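Protein chains in written order, with the numbering used here: chain R, 406 to 719; chain H, 742 to 1158.
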């Protein structure tokens, strides 16, 4: 930048130009580090994945470090369309998306239940929040034991009730629901925390006014409390949708996509094809990743559009 | 980017190596391995023996976690190749051979007389008429059974000669009546089920069929393939329910507790059975019963191997070490420590271990041939499709037609006729 003597002798025109520079350049300068990181770690890998999805490549470079893949055009995508495992994964992703939404009402219910001043309420709150703190891997392991044939609590419970134990994770029809239930446990806790903070910001005078007007119960919740919780609901929907779409760890820990691939979701199928023990079809995996990315883009652009609209309307 | 990374890694490796070279002034051979604690100790003992005989060579082993190794090898073979790397025989090594990352060591096989001493492993180490590594250990598969479960069900336990297939199925019926799972297995990891299928296939149609099936040469809707599934269907009702949700160690626990009678497994499971409290008195081993009379008996014995890499910096000394690994002396010692079988026919096994002696006997008299395993004989993607199918058949035997149809489609896609 210019030094002090420059400034002293600067003509007014130059000063104006410098101000203009400051206004136009400075934001970009400040943005530069972030944009550089974003380009390097987000945009570049996305471009690379998309490129890779047009190749058939087993992930190996040869001895000289040269790429060994062959270009197949839309071949991977054509194969995906006819792949029954891909179809199963897609349906399972849809089940995840829909059922994961149950985290919202349940989370809200618990949040309202916990939003009271009783002795030791902080302890209860933290207990309810606990499942979100522990790692997904641990959640998966715990539920796998819970469902485990012969010694799992759930298995023994069903055995006691029906006379015949149900091994949820071995049953192709139940397995996805079993995993979703495990995923809901921490997700509900997450949504609950979002709503609890939201409830703190609900204006007490409005509640008071509504009460004077005779509102209570469901009507109070629906017309007075929920509208004020809108921002919390918005965030909760976003994190739940993303949580459902990126469900990978639970599937990997609890079933490895089994039995016979019935509990696969797109992210796990992508891993299996690209990086799993029997995979190393990098191009095919990349094609699945691109499809998953496209699905996520639908939601993400929806959210961004909504946020942009909210901000411009204000 | 790859090159830059290579450079950085090479620099780091060079720094590391130069410090050790200054300290010892020896010729270094680097070896990447994926050993559990016991095999690692055995490998270190083998290195110590080798270095005692070759004081000017320093073999440095870098040990990886078993699962992580499967990914790591794909990176380090290109980015920073050691002199030696562990891997597996047959189709498993094919990608690395075809990418030119493993070195051809046919000259070593010829000069050391290995084609004769390691004859049983020659086919599984050969691609394009050349040998690509040294097999130093394998282990038998077969049926492990709990004699206490036999006693509980009131059946006489099989003797040395095993039982016939009809007798085996009849026993299963009795076990079922007694509330004991005749056969336990795990299909959470799908490979144990692949072992069962392989044996049914080997016993029904023989080794050549297994090999051709794994190579995609045989239609899944052929009468021979259907015959295998017909035998599988006879066994299906007697397999532990919930096999799709348990790990093989949990299945082993069922056998140990006497809740299951048989387990088709590799010999490495003996350690787990014994940790669970079984002894040589109540743990039994038999070869899988004959199904089609007259089919030469073939066995499964997955082979572990060590390979010279194409990027090796010290190939001459690395070959010297490989020759030592192939020797009867080294293999006898390593396998005795680990409880597996040497591939060198001049090596010996511990006669006091009934499972090792039985396995050695079973493999050395297997006139049909030695199969690697479904997922090592078949190409990776094909292997996975097969294992999905075997698992599904165990859960939904009524879906046979759909299963075979899908397998056949996969075969036609991967191996266009």
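Cβ atoms here follow ideal geometry from the backbone N, Cα and C, with glycine treated the same way. For clarity, every value in this text was computed on a predicted model and none was experimentally measured.
| message | By DSSP's criteria, residue 1046/H is part of a beta bridge. Which residues make up the other side? | response | Position 305 of the second chain, counting from 1, holds the residue named residue 1046/H. DSSP, once it has assigned bridges, lists 828/H, 876/H as partnering residue 1046/H.
| task | Output the boundary residues of the alpha helix (DSSP H) element that contains residue 486/R. | result | On the first chain, position 81 is the one that residue 486/R refers to. Looking at the DSSP string, the run of the alpha helix (DSSP H) that includes residue 486/R is 480-486.
| said: Measuring straight from C-alpha to C-alpha, what distance separates residue 486/R and residue 1128/H? | reply: In the first chain, the residue the question calls residue 486/R occupies position 81. In the second chain, the residue the question calls residue 1128/H occupies position 387. Computed Cα separation, rounded: 22 Å.
| said: Rounded to whole angstroms, what is the Cα-Cα separation between residue 1160/H and residue 1077/H? | reply: Only positions 742 to 1158 of chain H appear in the structure, and residue 1160/H is not among them; the question remains open.
| request: With 8 Å as the limit, tell me which residues of the region 450-466 of chain R have their beta carbon closer than that to any beta carbon of chain H; keep them in chain order. | output: When CB distances to chain H are screened at a threshold of 8 Å, the residues of the region 450-466 of chain R falling below it are 463, 464, 465, 466, in chain order.
| field | Short CB-CB distance (under 7 Å) between residue 692/R and chain H | value | Numbered from its first residue, the first chain carries residue 692/R at position 287. The beta-carbon of residue 692/R is placed no less than 7 Å from the nearest beta-carbon of chain H.
| Contact list for residue 686/R against chain H, beta-carbon separation under 8 Å | Taking the first chain and counting its residues from 1, the one referred to as residue 686/R is at position 281. Result: 1122.
| query | Terminal residues of the continuous alpha helix (DSSP H) containing residue 451/R? | reply | Taking the first residue of the first chain as 1, we reach residue 451/R at position 46. For residue 451/R, the enclosing alpha helix (DSSP H) covers residues 449-457.
| message | Using beta carbons (cut-off 7 Å, strictly below), is residue 988/H in contact with chain R? | response | As a first step, residue 988/H must be located in the second chain, where it is residue number 247. Answer no: the Cβ-Cβ gap between residue 988/H and chain R never drops below 7 Å.
| task | To the nearest angstrom, report how far apart residue 534/R and residue 592/R are at their CA atoms. | result | In the first chain, the residue the question calls residue 534/R occupies position 129. In the first chain, the residue the question calls residue 592/R occupies position 187. Answer to the nearest angstrom: the Cα atoms are 10 Å apart.
| query | Can you pull the DSSP bridge partners for residue 871/H? | reply | Along the second chain, read from residue 1 onward, the residue named residue 871/H stands at position 130. Beta-bridge pairing links residue 871/H to 868/H.
| said: Taking CB distances under 7 Å as the criterion, tell me whether residue 574/R reaches chain H. | reply: Translated into the one-based positions of the first chain, residue 574/R becomes position 169. Output row for residue 574/R: interface = yes.
| Ranges of the beta strand (DSSP E) found wholly within the region 795-858 of chain H, counting only runs of at least 3 | Correct list: 798-804, 825-829.
| field | Cβ separation of residue 493/R and residue 714/R, assumed to be a contact under 8 Å, to the nearest whole Å | value | As a working mapping, residue 493/R is identified with position 88 in the first chain. As a working mapping, residue 714/R is identified with position 309 in the first chain. The Cβ separation is near 37 Å, so there is no contact.
| message | Quick check on the DSSP output: what are the complete alpha helix (DSSP H) runs of length 4 or more inside the region 973-1053 of chain H, in order along the chain? | response | The region 973-1053 of chain H contains these whole alpha helix (DSSP H) runs: 989-997, 1010-1016.
| query | When you compare each of 597/R, 600/R, 585/R, 678/R to residue 498/R by their alpha carbons, which one comes out closest? | reply | Within the first chain, numbered from 1, the residue matching residue 498/R stands at position 93. Nearest Cα to residue 498/R within the set 597/R, 600/R, 585/R, 678/R: 585/R.
| task | Report the three-state DSSP secondary structure of residue 764/H (helix, strand or coil). | result | Your numbering for residue 764/H matches position 23 in the second chain. Confidence at residue 764/H is low in this model, with a pLDDT of 48, below 50, so its placement is unreliable and no value can be given for it.
| query | So does residue 574/R have its beta carbon nearer than 6 Å to some heavy atom of the ligand NAD? | reply | Only the bare structure without any ligand can be found here, which leaves the ligand NAD out of the picture.
| query | Are residue 919/H and residue 894/H close, meaning C-beta to C-beta below 7 Å? | reply | As a working note, residue 919/H is residue 178 in the second chain. As a working note, residue 894/H is residue 153 in the second chain. In this structure, residue 894/H lies closer than 7 Å to residue 919/H by Cβ.
| query | Would you say residue 985/H faces chain R, with C-beta separation under 7 Å as the test? | reply | Looking up residue 985/H in the second chain gives position 244. At least one CB of chain R lies nearer than 7 Å to the CB of residue 985/H.
| What does residue 899/H reach in chain R if we use C-beta pairs closer than 8 Å? | As a first step, residue 899/H is located in the second chain; it is residue number 158 there, counting from the start. Near residue 899/H there are no residues of chain R at all, since even the closest Cβ is about 26 Å away, more than 8 Å.
| message | Contact defined as beta carbons within less than 8 Å: I believe residue 822/H pairs with residue 1050/H. What is the distance between those atoms, to the nearest angstrom? | response | One-based indexing of the second chain puts residue 822/H at position 81. One-based indexing of the second chain puts residue 1050/H at position 309. The Cβ separation is near 4 Å, so the contact holds.
| request: Would you kindly report the start and end of the unbroken alpha helix (DSSP H) that includes residue 497/R? | output: Mapped onto the first chain, residue 497/R falls at position 92. Run containing residue 497/R: 489-505, per the alpha helix (DSSP H) assignment.
| said: For residue 836/H, would you say it is in contact with chain R, using Cβ-to-Cβ distances shorter than 7 Å as the test? | reply: Position 95 of the second chain holds residue 836/H. Interface residue, yes.
| request: Taking only beta-carbon positions, decide if residue 663/R is within less than 7 Å of chain H. | output: What you label residue 663/R is simply residue 258 of the first chain in a count that begins at 1. Closer than 7 Å to some Cβ of chain H, the Cβ of residue 663/R qualifies, so yes.
| field | Cβ of residue 427/R within 7 Å of any chain H Cβ | value | For this step, residue 427/R is matched to residue 22 along the first chain. No, because no Cβ of chain H sits closer than 7 Å to the Cβ of residue 427/R.
| said: Taking 7 Å as the threshold (C-beta atoms), are residue 831/H and residue 865/H in contact? | reply: Position 124 of the second chain, counting from 1, holds the residue named residue 865/H. Position 90 of the second chain, counting from 1, holds the residue named residue 831/H. In terms of Cβ geometry, residue 865/H and residue 831/H form a close pair [threshold 7 Å].
| Coil, strand or helix - residue 607/R by DSSP | If you number the first chain from 1, residue 607/R lands on position 202. In this structure, DSSP gives residue 607/R a state outside helix and strand, which the three-state scheme calls coil.
| message | Considering Cα atoms alone, identify which of 697/R, 530/R, 489/R, 508/R is closest to residue 1143/H. | response | Position 402 of the second chain, counting from 1, holds the residue named residue 1143/H. Proximity to residue 1143/H across 697/R, 530/R, 489/R, 508/R peaks at 489/R, based on C-alpha coordinates.
| request: Give the DSSP-derived three-state secondary structure of residue 773/H in the structure shown. | output: Start at 1 with the first residue of the second chain, and residue 773/H comes out as number 32. The answer is strand: DSSP assigns residue 773/H an E or B state.
| Those runs of the beta strand (DSSP E) which lie wholly inside the region 1107-1137 of chain H and span at least 3 residues | Runs found: 1110-1112.
| said: Counting only C-beta atoms, is residue 632/R closer than 7 Å to chain H at any point? | reply: Taking the first residue of the first chain as position 1, residue 632/R is located at position 227. False, the Cβ-Cβ gap to chain H never drops below 7 Å.
| field | Listed by chain order, chain H residues near residue 553/R by CB distance under 9 Å | value | Numbered from its first residue, the first chain carries residue 553/R at position 148. Near residue 553/R (Cβ distances below 9 Å), the residues of chain H are 983, 986, 987, 991.
| said: I need the DSSP call for residue 1087/H, collapsed to helix, strand or coil. | reply: On the second chain, position 346 is the one that residue 1087/H refers to. Of the three classes helix, strand and coil, the one that applies to residue 1087/H here is coil, per DSSP.
| Residues that residue 811/H contacts on chain R, provided the C-beta gap is smaller than 7 Å | On the second chain, position 70 is the one that residue 811/H refers to. Correct list: 682.
| message | With three or more beta-carbon pairs closer than 8 Å as the criterion, would you say the region 786-806 of chain H touches the region 1016-1031 of chain H? | response | Taking a cut-off of 8 Å on C-beta distances, the region 786-806 of chain H does not touch the region 1016-1031 of chain H, as fewer than three cross pairs fall below it.
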